[in-house]
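Let me begin by presenting the structure, written as structure tokens, before commenting on it.
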Amino acid sequence: MSIFRKEAEPQQYLIKEKQLTCSHCGNDTFRMADIMIHYRGDITNSYATAFICTVCTQATWFTGNPGDLA
Ligand SMILES: [Zn+2]
Numbered sequence: 018m019s020i021f022r023k024e025a026e027p028q029q030y031l032i033k034e035k036q037l038t039c040s041h042c043g044n045d046t047f048r049m050a051d052i053m054i055h056y057r058g059d060i061t062n063s064y065a066t067a068f069i070c071t072v073c074t075q076a077t078w079f080t081g082n083p084g085d086l087a
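All the letters of the sequence shown, read from the start, carry residue numbers 18 to 87 under the numbering used here.
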């Protein structure tokens, strides 16, 4: 069972009006996934958005709303 709730096709993303690039390899295409976060002692669940580099697989995480995605 995957921890990923959904995963979109690889694409480029703008976050807060800035092109998202991988901090490790410099690639600019990612797969987006919503990931459930369970805080210890908290009965509610939260979600984070992860952008997974299509080249090196490093994940860049944003908690809350990363803003308008393009
Ligand atoms: Zn990368």
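Ideal placement from N, C-alpha and C gives every residue a C-beta, glycine not left out.
Is residue i buried or exposed, if buried means 16 or more other CB atoms sit within 10 Å of its CB?
| i | result |
| --- | --- |
| MET18 | Residue confidence is low: MET18 scores 37 on pLDDT, short of 50, so the model does not pin down where it sits. No coordinate-derived value is stated. |
| LEU37 | buried |
| ASN62 | exposed |
Among the options, whose alpha-carbon lies nearest the alpha-carbon of residue i?
| i | options | result |
| --- | --- | --- |
| THR74 | GLU34, GLU26 and CYS39 | CYS39 |
| PRO27 | ILE54, CYS70 and ALA65 | CYS70 |
| TRP78 | GLU34, CYS42 and ARG48 | ARG48 |
| LEU31 | HIS41, HIS55, PHE68 and ALA76 | PHE68 |
| LEU65 | CYS42, ILE54 and GLU34 | For clarity, residue 65 is Ala in the given sequence; the question names Leu instead. Checked all of CYS42, ILE54 and GLU34; the closest Cα to ALA65 is ILE54. |
| GLY43 | GLU34, VAL72 and LYS33 | VAL72 |
Tell whether a beta-carbon distance below 9 Å holds between residue i and residue j.
| i | j | result |
| --- | --- | --- |
| ASP51 | GLN29 | no |
Along the beta strand (DSSP E) that carries residue i, what are the first and last residues, could you check?
| i | result |
| --- | --- |
| ILE54 | 47-55 |
| SER63 | 62-70 |
| THR77 | 76-80 |
* Asked: Any residues whose CB sits closer than 6 Å to a heavy atom of ligand 1? List them in chain order?
  -> Shown in chain order are the residues whose CB sits closer than 6 Å to a heavy atom of ligand 1: CYS39, HIS41, CYS42, ASN44, CYS70, VAL72, CYS73 and GLN75.
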